[in-house]
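First comes the structure, then the notes that go with it.
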């Protein structure tokens with residue numbers, strides 16, 4: 015196994031009294047697309063700033079290509095950043111912007127222009143070389159920022175909520191392009207976002223952060239299907255959460271008592287321990303064709319039509335504090351006020367033990 | 447009734463502008479007087495007094511001195527003002543608010559007080575009365591002005607631009623020279639031209655701090671001591687013209703907004 019490209023080792027950071035990162039360790043493989051996903055205040059942007067060299071962590075070390083880069087300034091480390099506001103140089107042409115990094119390396123004008131054109135072609139903006147940043151649209155500026163960061167061939171490209179300022183349609187389009195560009199250049203991308211759809215669409219490796227810690231990390235499929243913590247079960251997609259206590263445990267099966275009835279799980283758990291069960295909206299079954307785990311009945315409180323599906327909120331008849339979130343086909347006829355039986359399948363229940 | 451309001455507002459405007467500009471108009475008009483006294487009736491137009499001004503070596507050398515003092519002191523003031531604004535905007539300094547207050551404080555102190563203070567200080571330090579001393583005085587009065595203008599235009603949105611430059615490998619001096627200065631150009635030019643205007647017109651400090659070689663306002667004052675004559679009007683008109691040019695530059699640089 016090759017050494018990781020980036021190795022973040024037990025990094026903590028404080029701003030004054032406020033601790034924003036708590037003992038974070040993370041490894042990043044060459045050529046991977048890593049997403050740092052979390053709500054605002056989760057420390058994801060601080061972690062990115064530490065990687066970029068704009069912030070020196072209070073504790074811990076950052077190794078890039080095996081070298082200790084913890085307090086190496088941004089100019090001297092093999093990373094470049096695509097800023098959220100793009101941070102293009104307004105007084106320079108697009109070509110001047112893209113060539114700036116090479117100019118700082120002392121590359122001569124002709125080579126610089128050729129490489130800048132190449133990088134602009136990569137992001138589909140070959141024609142914009144002589145324009146000024148203010149003549150471009152938001153999406154185009156975004157591409158220029160990307161080209162400017164890629165042209166000096168960094169070991170790691172850092173993207174700070176790069177799609178945050180774009181409208182939804184453009185965001186989805188740029189998402190696909192980002193992924194394609196990353197595959198083409200093979201540079202490791204580390205991308206910060208709070209948009210879980212963006213995370214699922216782009217990541218090879220998804221890191222879910224909350225309150226200065228890494229809650230969960232892994233391939234997005236795994237993080238979605240088997241979230242490690244309650245937070246990642248509710249932040250990376252929605253879930254219905256059931257709290258319960260283990261009442262019985264035979265060799266490979268445990269019975270968990272929940273407010274809506276006992277649930278049998280095919281795992282061994284210590285008797286008396288408290289657990290939480292998460293069920294994804296698409297796995298809840300409403301109505302007669304019930305699954306093998308019955309979760310009582312519920313009154314539908316809200317049905318939101320989302321185009322390809324309907325998002326249904328229902329309040330449990332047995333436990334009024336329990337809210338079910340379900341996803342039904344667009345053709346479903348359920349209406350607010352209906353009382354329906356709710357069930358699911360054992361193998362689709364996610365066990366959270368934190 | 448509406449008609450009356452219209453007429454009244456026009457009259458008001460004419461009176462206001464007349465009040466402000468009539469002295470200047472009179473000054474310029476009688477600089478074109480053909481006879482020896484700048485009093486009615488108007489006998490011109492004639493350029494004989496401009497001719498007299500331009501052939502008076504004392505006045506022309508004072509004019510050159512003024513231009514030199516104005517441009518060099520403004521350059522110094524704008525450079526120092528820019529650097530201090532950058533420092534205050536980009537770094538967390540202990541007592542930043544107090545220091546910022548102190549740096550702008552000379553704006554509120556009368557030129558006479560500043561001039562006297564400098565006179566005492568220079569006497570004590572052994573700096574002779576000279577154009578250099580007056581130039582230093584002008585830096586003292588213009589630096590706070592340049593600082594205030596540039597600092598007000600130095601927003602947080604430029605921080606990321608500077609960061610991006612550093613991130614792409616630029617050492618600090620290149621960040622300043624290639625990024626911050628060009629981005630701040632309108633404010634820097636505005637500070638420079640406003641400083642030029644103030645230095646160009648400044649009398650009290652120059653009067654106190656120069657002796658043999660002196661600036662134009664001091665030379666005009668010398669001229670006035672021998673009584674009014676159209677030559678003083680002519681030189682006054684020239685001073686006014688230069689000020690106008692500087693102010694126009696200032697307006698063009700600071701007030702012209704680039705399309706977003």
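Chains as they are written, first to last, in the working numbering: chain A, 15 to 368; chain B, 447 to 706. Just so it is clear, CB atoms sit at the ideal spot from N, CA and C, and this is done for glycine as well. Here the structure is a predicted model, which is why all the values come from computation and not from measurement.
(request) Using a Cβ-Cβ cut-off of less than 8 angstroms, give me the residues of the region 607-622 of chain B that come near chain A, in sequence order. (result) Going along the region 607-622 of chain B in chain order, one finds 607, 609, 610, 611, 612, 613, 614, 615, 616, 617 and 620 with a Cβ nearer than 8 angstroms to chain A.
(request) Select from A:103, A:239 and A:58 the residue whose C-alpha is nearest the C-alpha of residue 159 (chain A). (result) Of the listed residues, the one whose Cα sits closest to residue 159 (chain A) is A:103.
(message) The beta strand (DSSP E) that contains residue 337 (chain A), what's its start and end?
(response) Residue 337 (chain A): member of the beta strand (DSSP E) spanning 337-343, first to last residue.
(message) Counting only C-beta atoms, is residue 698 (chain B) closer than 8 angstroms to chain A at any point?
(response) No, its Cβ sits nowhere closer than 8 angstroms to a Cβ of chain A.
(request) Give, in chain order, every residue of the region 105-127 of chain A whose Cβ lies closer than 7 angstroms to some Cβ of chain B. (result) The residues in question are 105, 114, 115, 118 and 119.
(request) Specify the secondary structure class of residue 569 (chain B) as computed by DSSP and reduced to three states. (result) Helix, per DSSP.
(request) Give me whichever residues DSSP pairs with residue 275 (chain A) in a beta bridge. (result) Within the DSSP secondary-structure output, residue 275 (chain A) pairs in a beta bridge with A:272.
(message) Please identify, using Cβ separations under 8 angstroms, the residues of the region 239-251 of chain A that lie next to chain B, in order along the chain.
(response) So nothing in the stretch comes that close.
(request) Given a cut-off of 8 angstroms, decide if residue 289 (chain A) and residue 283 (chain A) are closer than it, judged by their beta-carbon atoms. (result) Contact: yes.
(message) Rounding to the nearest angstrom, what Cα-Cα distance links residue 562 (chain B) and residue 105 (chain A) in this structure?
(response) Linking residue 562 (chain B) to residue 105 (chain A) through their CA atoms gives a straight-line distance of about 44 angstroms.
(message) Quick check: what's the CA-CA separation for residue 611 (chain B) versus residue 299 (chain A)?
(response) Approximately 55 angstroms, taken between the alpha carbons.
(request) Could you spell out where the alpha helix (DSSP H) holding residue 222 (chain A) opens and where it closes? (result) Membership of residue 222 (chain A) in any alpha helix (DSSP H) is not indicated; the residue belongs instead to the beta strand (DSSP E) covering 219-224.
(message) Suppose you measure from the CA of residue 204 (chain A) to the CA of residue 95 (chain A); what does that come to, to the nearest Å?
(response) Taking the Cα positions, residue 204 (chain A) is about 9 angstroms away from residue 95 (chain A).
(request) Put residue 329 (chain A) into one of helix, strand or coil per three-state DSSP. (result) In the structure shown, the three-state DSSP call for residue 329 (chain A) is strand.
(message) Is residue 625 (chain B) close to chain A? Criterion is C-beta to C-beta, closer than 8 angstroms.
(response) True, the Cβ-Cβ gap to chain A drops below 8 angstroms.
(request) With 7 angstroms as the C-beta to C-beta threshold (strictly closer), list the residues of the region 90-106 of chain A near chain B in chain order. (result) Among the residues of the region 90-106 of chain A, those with a Cβ less than 7 angstroms away from any Cβ of chain B are 94, 95, 97, 99, 101, 103, 104 and 105, in the order of the chain.
(message) Can you confirm whether the region 498-511 of chain B touches the region 665-682 of chain B when touching is taken to mean that 3 or more C-beta pairs between the two stretches lie within less than 8 angstroms?
(response) With the cut-off at 8 angstroms, the region 665-682 of chain B and the region 498-511 of chain B touch.
(request) State yes or no: is the C-beta of residue 166 (chain A) within less than 8 angstroms of the C-beta of residue 119 (chain A)? (result) Taking 8 angstroms as the Cβ cut-off, residue 166 (chain A) and residue 119 (chain A) qualify as a contacting pair.
(message) So if I threshold CB-CB distances at 9 angstroms, which residues from the region 200-227 of chain A count as touching chain B?
(response) Interface annotation for the region 200-227 of chain A against chain B: empty, criterion Cβ-Cβ distance under 9 angstroms.
(message) Using only the alpha-carbon positions, how far apart do residue 15 (chain A) and residue 79 (chain A) sit?
(response) Since pLDDT at residue 15 (chain A) reaches only 47, below the 50 mark, its modelled position is unreliable, and the value read off the structure follows with that caveat. Residue 15 (chain A) and residue 79 (chain A): Cα-Cα distance of roughly 14 angstroms.
(request) Select from A:46, A:351 and A:234 the residue whose C-alpha is nearest the C-alpha of residue 18 (chain A). (result) It is A:46 whose Cα lies nearest to the Cα of residue 18 (chain A).
(request) Please classify residue 582 (chain B): is it buried, with 16 or more other beta-carbons within 10 angstroms of its beta-carbon, or exposed? (result) When all chains shown are included, residue 582 (chain B) counts as buried.
(message) 8 angstroms is my cut-off, CB to CB: does residue 629 (chain B) come that close to chain A?
(response) Closer than 8 angstroms to some Cβ of chain A, the Cβ of residue 629 (chain B) qualifies, so yes.
(message) Determine, for residue 74 (chain A), whether the minimum Cβ-Cβ distance to residues of chain B falls below 8 angstroms.
(response) Closer than 8 angstroms to the CB of residue 74 (chain A) there is not a single CB belonging to chain B.
(message) According to DSSP, simplified to helix, strand and coil, what is residue 83 (chain A)?
(response) Looking at residue 83 (chain A) - three-state DSSP - the assignment turns out to be coil, as it is neither helix nor strand.
(message) Just to confirm the assignment, what range does the beta strand (DSSP E) spanning residue 20 (chain A) have?
(response) Element bounds for residue 20 (chain A): 20-29.
(message) Give me the DSSP bridge partner(s) of residue 260 (chain A).
(response) Looking at the DSSP assignment, residue 260 (chain A) forms a beta bridge with A:270.
(request) Closer than 9 angstroms, Cβ to Cβ, to anything on chain B: give me those residues from the region 54-80 of chain A, in chain order. (result) Taken in chain order, the members of the region 54-80 of chain A whose beta-carbon sits within less than 9 angstroms of a beta-carbon on chain B are 66, 67 and 68.
(request) Output the distance between the C-alpha atoms of residue 548 (chain B) and residue 597 (chain B), rounded to the nearest integer angstrom. (result) Distance between the alpha carbons of residue 548 (chain B) and residue 597 (chain B) is about 14 angstroms.
(request) Name, please, each residue of chain B whose Cβ falls closer than 8 angstroms to the Cβ of residue 88 (chain A). (result) Those are 609, 612 and 613, listed as they occur along chain B.
(message) Based on DSSP bridge pairs, tell me the residues matched to residue 463 (chain B).
(response) Note: residue 463 (chain B) sits in no beta bridge, so no partner.
(message) Check for me: the alpha helix (DSSP H) holding residue 507 (chain B) runs from which residue to which?
(response) Its alpha helix (DSSP H) spans residues 503-536.
(request) Compare the C-beta of residue 603 (chain B) with all C-beta atoms of chain A and state if any pair is closer than 8 angstroms. (result) So, interface residue.
(request) Can you grab the Cα-Cα spacing for the pair residue 62 (chain A) / residue 163 (chain A), in whole Å? (result) C-alpha separation (whole angstroms): 15 angstroms.
(request) For the beta strand (DSSP E) holding residue 309 (chain A), just list the boundary residues, first then last. (result) DSSP places residue 309 (chain A) in the uninterrupted beta strand (DSSP E) bounded by 307-319.
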